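In the working numbering, the protein residues as written are 6 to 58. Note that the Cβ used here is the ideal one computed from N, Cα and C, for glycine as well. Predicted model only: the values in this text are computed from it and were never measured. Read through the structure below, which is laid out as structure tokens, and then see the notes.
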């Protein structure tokens, strides 16, 4: 599930390659290239990222 930033300019989401732990990614809401914020290593996956108010 994706989470839009309060200002509507960015989107957080989880992504995982087959057999890998999910990591948190960030991208611009206007369709920019996503980039990872976490790496999902050491069996510490991510799920349902959210913005703090």
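Any idea if residue i is buried or exposed, counting beta-carbon neighbours within 10 angstroms, 16 or more meaning buried?
| i | result |
| --- | --- |
| residue 17 | buried |
| residue 38 | exposed |
| residue 34 | exposed |
| residue 58 | exposed |
Rounded to whole angstroms, how far is the Cβ of residue i from the Cβ of residue j, which I believe are closer than 8 Å?
| i | j | result |
| --- | --- | --- |
| residue 44 | residue 19 | Contact flag wrong, Cβ pair sits at about 12 Å. |
Taking C-beta to C-beta, are residue i and residue j nearer than 9 Å?
| i | j | result |
| --- | --- | --- |
| residue 21 | residue 28 | yes |
| residue 63 | residue 56 | A question about residue 63 goes unanswered here, because the residues of the chain that appear run from 6 up to 58. |
| residue 15 | residue 26 | no |
**Message:** Which complete alpha helix (DSSP H) runs does the stretch 11 to 48 hold, if anything under 4 residues is left out?
**Reply:** Whole alpha helix (DSSP H) segments, 4+ residues: zero.
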